[in-house]
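Residue numbers (the numbering used here): 165 to 582.
Don't be surprised by glycine CBs; every beta carbon is placed ideally from N, CA and C.
The model shown is predicted, which means the values in this text are computed figures rather than measured ones.
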């Protein structure tokens with residue numbers, strides 16, 4: 165066995181370029197497959213995580229601009245949602261809506277505690293806000309129904325905002341009062357989210373309308389749904405819902421520009437379809453990349469066997485058995501493909517780990533929320549091993565069949581080979 169390994173080492177040493185080209189084809193095929201799968205998984209995992217952190221059965225509604233004239237009214241009217249729209253949402257769809265609420269925003273508000281202050285936006289919300297958004301209570305509580313009903317002056321701060329206001333004094337934020345533009349709010353809770361929304365604080369929706377003179381206007385309506393388990397059912401619901409809002413504001417129910425509806429369920433289905441296509445595309449590209457590596461290994465092994473036909477003839481003339489020659493070719497092929505396949509696998513895994521550390525927490529600001537764009541771009545180690553084994557088997561077969569043909573001819577014919 166030692167003689168066999170010494171002979172393989174000698175052959176590799178005499179043919180450095182050929183060995184390098186064979187190994188590079190193996191390593192590159194596995195490396196590209198792992199990197200492509202890792203990048204694709206990073207995007208797909210981000211889609212799935214964004215969906216899991218928000219209620220899939222939630223819908224958000226906002227006002228827009230009419231694009232059609234209707235009942236004597238010109239196009240281009242601004243549709244501003246009002247309290248009556250929220251009331252209609254709860255009234256006309258009891259079989260499809262679980263909870264409904266609204267949001268209202270007031271920007272550029274200075275909040276202070278002692279000598280410390282921050283400039284943030286206030287968001288008036290209902291208790292159901294946490295059911296549909298990626299908001300988690302870190303301490304204390306969130307807005308409740310009594311806060312909205314009694315128009316309480318309570319506020320929920322982001323953890324980072326609380327650190328700025330209360331960090332130096334080492335004061336427990338919950339229970340303390342902060343000054344927001346001349347209005348004293350009692351801090352009843354702290355929150356954290358998936359992104360960096362530290363420039364936002366929450367107060368009761370009714371308090372926002374009253375203190376900041378918003379009248380009966382609102383920015384968005386948010387509600388969670390039930391009994392809508394298919395994309396078709398959701399589309400039917402949206403059409404009926406548009407009719408109700410259109411009646412309140414006198415615009416054509418078919419005018420999709422008048423209001424916008426963001427249905428997370430239908431978006432999730434569309435995202436899953438896109439993720440499926442992306443996964444298929446990546447596998448197709450990866451497999452073709454792997455095939456190019458297999459073709460490269462096969463071609464080089466064919467050339468290698470052809471170049472060594474005279475050597476095989478000399479070995480047979482000296483008494484070497486065909487099996488010993490075949491074993492030499494197979495072991496050499498397995499050694500090269502295994503070694504370089506391992507290098508390609510390790511390099512590919514290393515790049516996916518680098519992608520994870522460099523881009524694994526990146527988010528994109530989508531206006532109303534922040535979404536992860538790249539999460540956990542890793543590949544199952546089993547897939548990496550299977551790809552390596554595939555190239556090893558391909559390299560072995562590529563060397564075996566021409567070698568078997570070469571050792572089957574007589575020594576004299578082998579010596580006459582070019």
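Self-check item: Where the alpha helix (DSSP H) through residue 426 begins and ends
Solution: Taking the first residue of the chain shown as position 1, residue 426 is located at position 262. Looking at the DSSP string, residue 426 is not in any alpha helix (DSSP H); the run it does join, the beta strand (DSSP E), is 423-427.
Quiz item: So, residue 441 versus residue 207, is the Cβ gap smaller than 8 Å?
Solution: For this step, residue 441 is matched to residue 277 along the chain shown. For this step, residue 207 is matched to residue 43 along the chain shown. In this structure, residue 207 does not lie closer than 8 Å to residue 441 by Cβ.
Self-check item: Residues sharing a beta bridge with residue 222, DSSP
Solution: For the purposes of this step, residue 222 is identified with residue 58 of the chain shown, where counting begins at 1. DSSP output for residue 222 lists 388 as bridge partner(s).
Quiz item: Which residue comes first and which comes last in the alpha helix (DSSP H) that contains residue 311?
Solution: Against the chain shown, residue 311 aligns to sequence position 147. Looking at the DSSP string, the run of the alpha helix (DSSP H) that includes residue 311 is 309-313.
Quiz item: What's the call for residue 297, buried or exposed, on a 16-neighbour Cβ count within 10 Å?
Solution: Position 133 of the chain shown holds residue 297. Using a 10 angstroms sphere on the CB of residue 297, the tally of other CB atoms reaches 16 or more, which defines it as buried.
Quiz prompt | Start and end residues, alpha helix (DSSP H) containing residue 321 | solution = Here residue 321 is taken as the residue at index 157 of the chain shown, counted from 1. Premise fails: residue 321 lies in the beta strand (DSSP E), 318-322, not in any alpha helix (DSSP H).
Exercise. Give the C-beta separation of residue 277 and residue 330 to the nearest angstrom, bearing in mind that I take them to be a contact with Cβ-Cβ under 8 Å.
Key: Counted from its first residue, the chain shown places residue 277 at position 113. Counted from its first residue, the chain shown places residue 330 at position 166. Indeed they touch by this definition, with Cβ atoms about 6 Å apart.
Quiz item: Is the CB-CB distance between residue 450 and residue 197 below 8 Å?
Solution: Position 286 of the chain shown, counted from the first residue, corresponds to residue 450. Position 33 of the chain shown, counted from the first residue, corresponds to residue 197. In this structure, the beta-carbon distance from residue 450 to residue 197 falls below 8 Å.
Self-check item: Cβ shell of residue 553 (< 6 Å), same chain only, five flanking positions each side left out
Solution: What you label residue 553 is simply residue 389 of the chain shown in a count that begins at 1. Nothing meets the Cβ criterion.
Quiz item: With a cut-off of 8 Å, do at least 3 Cβ pairs link the segment 273-289 to the segment 341-350?
Solution: yes
Exercise. Using only alpha-carbon positions, find the residue among 412, 417, 413 that is nearest to residue 401.
Key: Within the chain shown, numbered from 1, the residue matching residue 401 stands at position 237. Among 412, 417, 413, the Cα nearest to that of residue 401 is on 417.
Quiz prompt | For residue 265, three-class secondary structure by DSSP | solution = Taking the chain shown and counting its residues from 1, the one referred to as residue 265 is at position 101. Residue 265 falls in the strand class under three-state DSSP.
Quiz item: How many Å lie between residue 357 and residue 326 at the Cα?
Solution: Counted from its first residue, the chain shown places residue 357 at position 193. Counted from its first residue, the chain shown places residue 326 at position 162. Computed Cα separation, rounded: 14 Å.
Practice problem: Could you tell me which residues DSSP puts in a beta bridge with residue 341? | Solution: For the purposes of this step, residue 341 is taken as residue 177 along the chain shown, with counting starting at 1. Answer is 350, bridged to residue 341.
Quiz item: Can you name the residues that DSSP bridges to residue 229?
Solution: For the purposes of this step, residue 229 is identified with residue 65 of the chain shown, where counting begins at 1. 242, per the DSSP bridge assignment.
Self-check item: Contact set for residue 166: own chain, Cβ-Cβ below 8 Å, skip 5 residues either direction
Solution: The count along the chain shown starts at 1 and reaches residue 166 at position 2. Excluding residues within five positions, none has a Cβ falling inside 8 Å.
Quiz item: Are the beta-carbon atoms of residue 454 and residue 551 separated by less than 8 Å?
Solution: Taking the chain shown and counting its residues from 1, the one referred to as residue 454 is at position 290. Taking the chain shown and counting its residues from 1, the one referred to as residue 551 is at position 387. In this structure, residue 551 lies closer than 8 Å to residue 454 by Cβ.
Quiz prompt | Cβ neighbour criterion (16 or more within 10 Å) applied to residue 480 | solution = If you number the chain shown from 1, residue 480 lands on position 316. Classification of residue 480: buried, given that the 10 Å Cβ count is 16 or more.
Self-check item: Contact with chain D by residue 419, beta-carbon distance below 8 Å
Solution: Reference to chain D is not applicable here, since this structure consists of a single protein chain.
Practice problem: Identify, in the order they occur along the chain, each residue of the same chain with its Cβ nearer than 7 Å to the Cβ of residue 372, setting aside the five sequence neighbours on each side. | Solution: Within the chain shown, numbered from 1, the residue matching residue 372 stands at position 208. If we look at residue 372 and ignore the five residues flanking it on each side, its Cβ neighbours are 268, 270, 286, 288, 378.
Quiz item: Below 8 Å between beta carbons: does that hold for residue 260 and residue 386?
Solution: Residue numbering aside, residue 260 sits at position 96 when the chain shown is read from its first letter. Residue numbering aside, residue 386 sits at position 222 when the chain shown is read from its first letter. Contact flag unset, no.
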